[in-house]
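Presented below is the structure to which this report refers.
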Amino acid sequence: MRFTTRLFLVQLAVVATVLLVCTAAFAVIAVTQVRTAAEENALNIARSVAAAPEVRAAVAGWSADPGTPAAADLVDGPLQRTASAVAERTDALFVVITDDHGIRLAHPSPQRLGETVSTPFDRVLAGEEVVDWEVGTLGRSARAKVPVLAPGGGEPVGEVSVGFEEGSVLDDLPTVLLAIGVAALLALGVGVGAGSVLRRRWEKTTLGLQPEELTALVQQQSAVLDGIGDGVLALDENGIVRVASEAAERLLGIEGSVGRPLSELPLPEAVVSAIARGLPLHDVVVGPRVVAVDVHPVRRGGRELGDVVIVRDRTDVAELGEQLSSVQTVTGALRVQRHEFSNRLHVAAGLIDAERVADARAFLDELLERGSVPTAVARIERVDDLFLQALLAAKAGDAAASGVSIVVGEDTLVLGELARVEDAAAVVGNLIDNAVTAAGRGTEPRWVEVTFLGDGDALVTTVADSGPGVPAGRDVFAPSSGPSDDRVRGRGIGLPLSRELARRLGGDVWLIDPGGHGPAASGAVFAARLPGVLRTAATRDATASRSEEDDS
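As numbered in this note's numbering, residues 79 to 630 make up the sequence shown, in order.
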C-alpha cells in the first residue's frame with residue numbers, strides 16, 4: 079500500500095473516531111438538556127399551582143379535617159378541576175395535589191382519589207422542593223414536588239406533584255440526534271475531501287515518491303555531493319537555492335545560500351546572468367579562483383523543476399595554461415635564436431673549410447661583440463638571465479605586429495637566475511601582454527618598458543606602457559563581464575590570474591600608477607613581486623651545504 083493511501087486511511091480513521099466521540103458527547107449533552115428542561119418545567123408548574131390562593135385554601139381546609147376525604151367529594155371538587163386544567167394546558171402526565179398525610183386530593187385517575195400517594199412525601203412536607211425521576215402508579219416520569227403552604231403561612235399543609243412522561247420528554251430527542259448525525263456526516267465528508275486534496279498535493283509535491291524512496295534519495299544525494307570535487311547548486315523554478323554542496327559554496331565564496339534567491343547571493347554579475355539564462359560560463363574569476371559554470375535544467379513528468387548548476391574549479395588548469403603558453407612563447411623564441419645561431423655557425427664553418435681562417439676569426443669576434451642573435455628589445459643586455467631574454471624577445475616579436483616596441487628599463491639589475499621559470503613567465507608574460515594591448519590603443523610612439531630588479535630570491539618587475547591609462551573607477555583586477563572587457567587572449571582573466579599566481583608564491587601584483595593624467599598623459603604602470611623565483615649565489619651555497627650534509 080502506498081504511503082499516501084496509508085496516510086489517507088489513518089487520517090480518515092482519526093476523523094471518524096473524533097466525530098464518533100463528539101457525536102456521542104453531543105447526544106449525551108442533548109439528552110441531559112432535555113431531561114433538565116423537563117425537570118425545570120415540572121418544577122415551575124408545581125410552584126405555580128402550589129402558590130395559587132384557592133389551592134392553598136382548599137388544601138388547608140382538607141388538612142384541617144381529621145377524617146379521610148371521600149373520593150366522591152373530591153371528583154368534582156375545585157382541586158380536581160384545577161389539576162385537570164393545568165395538566166391539559168401543559169401536556170403534563172399528571173398534576174397531583176395531596177394533604178399533609180399524603181392523601182390524594184387531585185389525581186388524573188378519579189379512582190385514586192382519597193388514597194395515599196405511592197412515592198415518599200416526607201421531604202416535601204419538611205419544606206423542601208424535590209425534583210427527580212421516579213416510578214409511580216402512572217409509570218416512570220420526571221416529577222417535581224413542591225410544598226403547599228397555608229394561606230397564613232407556617233408549616234406545609236400538603237404538596238403539589240407535577241410529572242412528565244419519560245416518553246413525551248424524549249419526543250424531541252430524535253430530531254436533535256438527527257441534526258447531530260447530519261452535522262457529523264458533513265464533517266466526515268469535509269475530512270474525506272481534505273484528506274483527498276492533501277493526498278494529491280503530497281504526491282504532486284514529492285513527484286509520487288514514497289518516504290522510503292525520499293530517504294534513499296537524500297542519502298544518495300549526500301553521498302554524491304560530498305563525494306565529488308565539483309560544486310553543485312540546485313535551484314527551484316523560482317530561482318531559490320534549495321541544495322548547495324560545501325564545494326559549491328567554497329568555490330563561489332558564499333555561505334548560507336540555501337533558501338535564498340540566486341540574485342541575492344554575492345556573486346559576479348556574469349555568473350548570475352549565465353545561470354539565469356541557462357548558458358555555460360567558462361573561466362570566470364570568482365574571488366581567488368577561476369571557475370567554470372554549467373547549467374542543466376531539470377524536468378520530470380513534463381514539469382519544470384528548476385536547474386542544477388555544476389561549478390568546476392579551473393584555477394589549476396588556467397594557471398597551467400598560462401604557464402604553458404608563456405613557456406611555449408619562450409621556446410619559440412629560443413628556437414628562432416637556435417636557428418639563427420646555427421646559420422652563423424655554418425658561415426664560420428664554411429670560412430674555415432675555405433681556409434679563410436682570418437675571416438672566420440674576424441666573423442666570430444664580431445659575433446662576440448654584438449651578441450649571437452640580434453633582438454628588437456632595446457637595452458636587453460641589461461638582463462643577464464637567458465630565459466628572461468628569450469621571453470622579452472618573443473614578446474617583442476608579437477608586439478611588433480601591433481606597432482609596439484619593448485624596451486628594458488635602465489634601472490634593471492638582477493643578480494641571479496630564474497629557478498621557477500613557469501611562474502615567472504606566466505606573471506611577467508601576462509603583464510607584458512596587457513601592456514602591449516594598452517599601448518596599441520594609444521598614439522605614436524607606442525612602447526612598453528619592462529624593468530627587472532632582484533630582491534634576494536624575489537623578482538620584482540615593473541611594466542609601463544604608452545597607452546591611455548586605466549579609466550577612473552575601473553577595477554582592472556575584477557573578472558571580465560564580457561568580450562569588450564577581455565584583456566588577455568580574449569578571456570579577461572590575465573590580471574586577476576596573475577595576481578592569484580603571485581599571491582600563491584607569497585607576493586602580489588598591483589597597480590602603481592593608473593596613468594592618463596595631464597596633457598602629456600602616459601599609460602599605466604603595474605608591478606609584481608615574486609618571492610622564491612630567483613636562485614642567487616647565497617641560495618646556491620645554502621643548497622650545496624644541505625646536499626653535503628645529506629651526503630654525510
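Glycine included, each C-beta is placed from N, C-alpha and C at the ideal position.
The model shown is predicted, which means the values in this text are computed figures rather than measured ones.
(request) If I'm right that residue 489 touches residue 529 with Cβ under 8 angstroms, what's the distance once you round it to whole angstroms? (result) 6 angstroms
(message) I'd like the span of the alpha helix (DSSP H) that includes residue 232, first residue to last.
(response) Neither: residue 232 is in no alpha helix (DSSP H) and is coded neither H nor E.
(request) Inspect the CB distances between the segment 123-133 and the segment 231-246 and report whether three or more fall short of 8 angstroms. (result) yes
(request) To the nearest angstrom, report how far apart residue 437 and residue 429 are at their CA atoms. (result) 7 angstroms
(message) To the nearest angstrom, how far is the alpha carbon of residue 91 from that of residue 278?
(response) 18 angstroms
(request) Tell me whether residue 228 sits in a helix, a strand or coil according to DSSP, three-state version. (result) coil
(request) Using alpha carbons as the reference points, say which of 123, 143, 152, 184 lies closest to residue 167. (result) 123
(message) What does the alpha-carbon distance come out to for the pair residue 352 and residue 504?
(response) 28 angstroms
(request) Taking the CB atoms as reference points, tell me whether residue 179 and residue 161 lie closer together than 9 angstroms. (result) no
(request) Tell me where the beta strand (DSSP E) around residue 390 begins and ends. (result) 381-391
(request) Alpha carbon to alpha carbon, how far is residue 387 from residue 374? Give it in angstroms, no decimals. (result) 6 angstroms
(message) To the nearest angstrom, how far is the alpha carbon of residue 133 from that of residue 183?
(response) 10 angstroms
(request) Assign residue 530 to one of three DSSP states: helix, strand, or coil. (result) strand
(message) When you measure from the CB of residue 479 to every non-hydrogen atom of the ligand SAH, does any distance come out below 8 angstroms?
(response) Within the structure as shown, the ligand SAH is missing, as the structure has no ligands at all.
(request) Measure the CB-CB distance between residue 605 and residue 541 and report whether it falls below 9 angstroms. (result) yes
(message) Contact between the segment 261-274 and the segment 95-114 is defined here as three or more beta-carbon pairs at a separation below 8 angstroms; is this criterion met?
(response) yes
(message) To the nearest angstrom, how far is the alpha carbon of residue 508 from that of residue 572?
(response) 6 angstroms
(message) Taking 8 angstroms as the cut-off, does the segment 145-153 touch the segment 216-231 (at least 3 CB pairs, one atom from each stretch)?
(response) no
(request) Kindly give me the distance between the Cβ atoms of residue 517 and residue 506, rounded to whole angstroms, as I take these residues to be in contact under 8 angstroms. (result) Not quite, the Cβ-Cβ distance comes to about 16 angstroms (not below 8 angstroms), so this is no contact.
(message) Could you check whether residue 464 and residue 492 sit closer than 9 angstroms to each other, using their CB atoms as the reference points?
(response) no
(request) Could you tell me the boundaries of the alpha helix (DSSP H) in which residue 574 lies? (result) 572-582
(message) Less than 7 angstroms between C-beta atoms, sequence neighbours within five positions excluded: which residues of the same chain meet that for residue 136?
(response) 156, 157
(message) Applying the 10 Å Cβ sphere with the 16-neighbour rule, what's the burial state of residue 484?
(response) buried
(message) For residue 89 and residue 360, what's the separation of their Cα atoms in angstroms?
(response) 52 angstroms
(message) Looking only at its chain, what residues have a beta carbon closer than 8 angstroms to the beta carbon of residue 546, apart from the 5 residues adjacent to it on each side?
(response) 516, 519, 520, 593, 594, 599, 601
(message) Which residue wins for smallest C-alpha separation from residue 444, given the options 390, 434, 426, 460?
(response) 426
(request) Check residue 289 in the structure and name its three-state DSSP category. (result) helix
(request) Look up residue 538 in the DSSP assignment and say whether it is helix, strand or coil. (result) strand
(request) Note down the Cα distance separating residue 486 from residue 589, rounded to an integer number of angstroms. (result) 19 angstroms
(request) Identify which residue in 187, 331, 584, 346 has its Cα closest to the Cα of residue 150. (result) 187
(message) Here's the rule I'm using: 16 or more other beta-carbon atoms within 10 Å means buried, otherwise exposed. How should residue 87 be labelled?
(response) exposed
(message) I believe residue 312 touches residue 384 by the beta-carbon criterion, under 8 angstroms. Please report the beta-carbon distance rounded to the nearest angstrom.
(response) 7 angstroms
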